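Under full-length UniProt numbering, the letters of the sequence shown match residues 1 to 475, in that order.
Beta carbons are placed, not taken as given, at the ideal position from N, Cα and C, and that holds for glycine.
Treat the numbers as computed from the prediction; the structure is a model and nothing was measured.
Data first, discussion second: the structure below is written as C-alpha cells.
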Amino acid sequence: MMGLQASYNNNMVAIVVVLCLVMNVAIMCNAGKTSSFVRKVEKTEDMPLDSDVFQVPPGYNAPQQVHIMQGDHVGKAVIVSWVTADEPGSSTVLYWSENSKLKKQAKGKVVTYKFYNYTSGYIHHCTIKKLKFNTKYYYEVGTGQTTRQFWFKTPPEVGPDVPYIFGVIGDIGQTFDSNITLTHYENNPKKGEAVLFVGDLSYADEYPNADNVRWDTWGRFMERSLAYQPWIWTAGNHEIDYKPELGERKLFRVFNTRYPVPYKASESDDPVWYSIKRASAYIIVLSSYSAHGKYSPQYWWLKDELKKVNRSETPWLIVLMHAPLYNSNDDHYMEGESMRIVFESWFVKNKVDVVFAGHVHAYERSERVSNVAYNIQNGLCTPVKDRSAPVYINIGDGGNIQGLSNILREPQPDYSAYREASFGHAIFDIKNRTHAHYSWHRNQDGYAVEADSMWFFNRHWHQIDDSTTSKSEIQ
C-alpha cells in the first residue's frame with residue numbers, strides 16, 4: 001500500500017490532470033477494476049479461404065449468405081436476404097408456421113453492384129409481413145433441386161414485462177478468433193434470441209482494393225447464426241467504404257446493399273440510423289460516421305425519436321453506436337467526443353439504460369456517469385455520478401484481423417468499472433420492466449463463465465443505484 005505522502009502526491013498530480021482535460025480522466029481511486037487476466041499475445045489471423053466455414057453450399061446456384069433482419073418496427077415482419085452466384089433464380093420465399101402445413105409465398109427483389117474490379121452475385125431481399133408474434137416459422141429459398149430451408153422465431157408482442165435475451169457483439173471480422181467468439185455465443189447456456197451488433201462486419205476494406213470477395217466469405221461464415229436470428233445492424237468505420245482512389249465515393253454503399261434494415265418504419269431518411277421495438281426494448285441505432293451536429297438530419301431524427309419512446313410499453317431504452325463516448329483505452333481515445341457533446345444530455349434527460357459501442361478492440365464497462373455540466377467558463381470537466389445516465393459498454397472485441405487494443409490508459413478513470421483487453425461477447429437478459437442481467441463472456445473461458453456481470457435496474461421504473469464498484473463515488 002502507498003505511504004500517505006505518496007498517495008497525497010499522486011492524487012494531487014491527478015487533480016492537476018483533471019483540470020487540463022475536458023473528459024475521460026479522473027482522480028485515482030479504487031472504484032474500477034482493470035482485469036488481471038492476461039491473454040497470450042499472438043497475431044490475429046484470418047481463416048484461410050479454403051476453410052470449411054467459407055465453403056459454398058452444394059448445388060447449382062444454391063442460395064448462400066442467408067441472413068434475416070427484423071422487417072418492421074414491432075417484430076411482425078422479417079427481411080430474408082441471400083445471394084445466388086450463377087443466375088438470379090427466384091426471389092420468392094416459401095414460409096410456414098411450425099404448427100401449419102400451409103405454405104405461403106412472399107416475393108422479393110434482386111440487386112447487383114460493382115465495386116472497383118468486383119461484381120457481386122445476385123443479392124435477394126424479401127420481406128415477409130403479417131407474421132404472428134412469438135411463433136416459429138420455417139422458410140425456404142432457392143429453386144429446383146437447390147432449395148435450402150431455415151427457421152426463425154418472431155419476438156413476443158411488445159410489452160413492458162416481456163422477458164427477452166439479446167446477444168451483444170462487435171467488430172467481429174473473419175479470423176480464427178472471430179470463429180471462437182461466434183462459437184462461444186452459440187453455446188452460451190443463456191441462449192440469445194437476437195444480436196445487438198455494434199458495427200464492423202467483414203473487414204473487407206482491410207484487403208487490397210477493398211476486396212469484396214471478403215464480404216462473400218464473411219456472409220457464408222456467419223450464415224450459421226444470421227439465417228436463424230436477426231442481428232440488429234450498426235454501421236462501423238469498416239462499412240464506410242470511401243475509396244476515391246478506386247472511384248468509390250458513396251458511403252456505406254456495399255453495407256446498405258447487402259444488409260437492409262427497416263429504417264423507414266421509424267421515419268428515418270437513412271439506413272444507418274433507425275429504431276425498432278423488440279419485446280420490452282426500444283432500440284435506437286445511431287451512425288458515428290454520419291453528420292450528427294446540430295441541425296443535421298440525424299440530430300433532428302433522434303430529437304423526434306426520443307419523444308416517441310413510451311416506457312410504459314418498452315421500458316428498456318437501448319442505444320447502439322460504433323465509436324464509444326467513454327473510453328479509457330489508448331486506441332480511438334476520445335473519437336466519440338463530438339457525438340457525446342451533442343447527444344449525451346439527451347441520453348441523461350431520457351434516462352437511457354445502456355449504450356453499447358464497439359470500435360475499440362477490447363472490453364470496458366462504465367459506471368452511470370455524465371459530463372454534461374461543463375462549459376468553457378466553469379471548468380467542470382470531470383464525469384460525475386448520475387443515476388439518470390446510461391451505463392456505457394464498449395464491446396468491440398469480436399476477434400477481427402486488427403487484433404486487440406491492449407494499451408489501457410493509466411490511472412484508470414473513476415467512471416470505468418471494469419476493463420480488459422480480451423475477445424468475447426455479452427448477453428443482455430431482460431427479466432421484466434425493472435431488472436435485467438448483463439454478463440460478458442471471455443473467449444478463453446468456459447461457455448457459462450461470466451468474466452464481468454451486473455444487474456441493471458431500469459432507469460424509468462427502478463432508478464436505484466446499480467453500481468458494481470465498492471463505493472461508487474465519482475469525485
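Residues Ala323 of the same chain have their beta carbon placed closer than 6 Å to that of Glu335, with the five preceding and five following residues left out of the count.
Positions of the alpha helix (DSSP H) runs, each at least 4 residues long and wholly inside the region 166-237, are given as 176-187 and 213-226 in order along the chain. Its Cα nearest to that of Val369, the residue Asp353 stands out among Asn378, Asp353 and Gly379. The beta carbons of Val348 and Ala389 sit closer together than 8 Å. Proximity of the region 326-340 to the region 199-217 falls short of the contact definition, fewer than three beta-carbon pairs being nearer than 8 Å. For Trp440, the enclosing beta strand (DSSP E) stretches over residues His435 to Arg442. C-alpha of Trp151 to C-alpha of Ala451: approximately 32 Å in a straight line. With a contact defined as Cβ atoms closer than 8 Å, Thr469 and Glu367 qualify at about 7 Å. Here Glu239 is actually not in contact with Ser275; their C-beta atoms are around 19 Å apart, not less than 8 Å.
Taking C-beta separations shorter than 7 Å and ignoring five residues to either side along the sequence, the partners of Val261 in its chain run Met69, Trp233, Pro271 and Tyr274, following chain order.
Every beta strand (DSSP E) stretch that sits fully inside the UniProt domain "Purple acid phosphatase C-terminal" (389-448) and reaches 3 residues is listed by chain position as 391-395, 416-420, 424-430 and 435-442. Sequence-distant partners of Lys431 (beyond 5 residues in either direction) whose C-beta falls short of 6 Å from its own C-beta, in its chain, are Pro163. Inclusion of Val355 and Ser405 in the CB contact set at 8 Å is not warranted, their separation being larger than that value. Taking the Cα positions, Asn256 is about 43 Å away from Gln377.
Sorting Ala421, Ala426, Gly446 and Pro48 by C-alpha distance to the C-alpha of Ile165 places Ala426 at the top. Bounds of the alpha helix (DSSP H) holding Ile341 are Glu337 to Lys349. Pro63 is the residue among Pro63, His73, Gly358 and Leu408 whose C-alpha sits nearest the C-alpha of Gly89. Residue range Thr92 to Ser97 is occupied by the beta strand (DSSP E) that includes Leu94.
Pro315 is the residue among Ser287, Tyr137, Pro315 and Lys250 whose C-alpha sits nearest the C-alpha of Ala279. For the pair Asp46 and Ile401, the CB atoms are nearer than the 8 Å cut-off. A direct Cα-Cα distance of roughly 25 Å separates Gln55 from Gly424.
Within the same chain, and ignoring the five residues on either side of Ile464 in sequence, the residues whose Cβ sits closer than 7 Å to its Cβ are Phe457. Residue pairing by DSSP leaves Thr146 without any beta bridge partner. Under the Cβ criterion (8 Å, minimum of three pairs), the region 193-212 does not count as touching the region 94-112. In this structure, DSSP gives Asp330 a state outside helix and strand, which the three-state scheme calls coil. In the structure shown, Arg253 falls within a helical segment according to DSSP collapsed to helix, strand and coil. The alpha-carbon of Val83 is positioned some 46 Å away from that of Gln412. Ranking Asn443, Tyr447 and Tyr116 by CA distance to the CA of Asp177 puts Asn443 first. For a cut-off of 8 Å, the C-beta gap from Lys264 to Thr154 is around 20 Å, too long to register as a contact. Ranked by Cα distance from Arg340, the first of Met321, Asp330, Asn329 and Asp331 is Met321. According to the DSSP assignment, Trp82 belongs to the beta strand (DSSP E) that extends over Val78 to Thr84.
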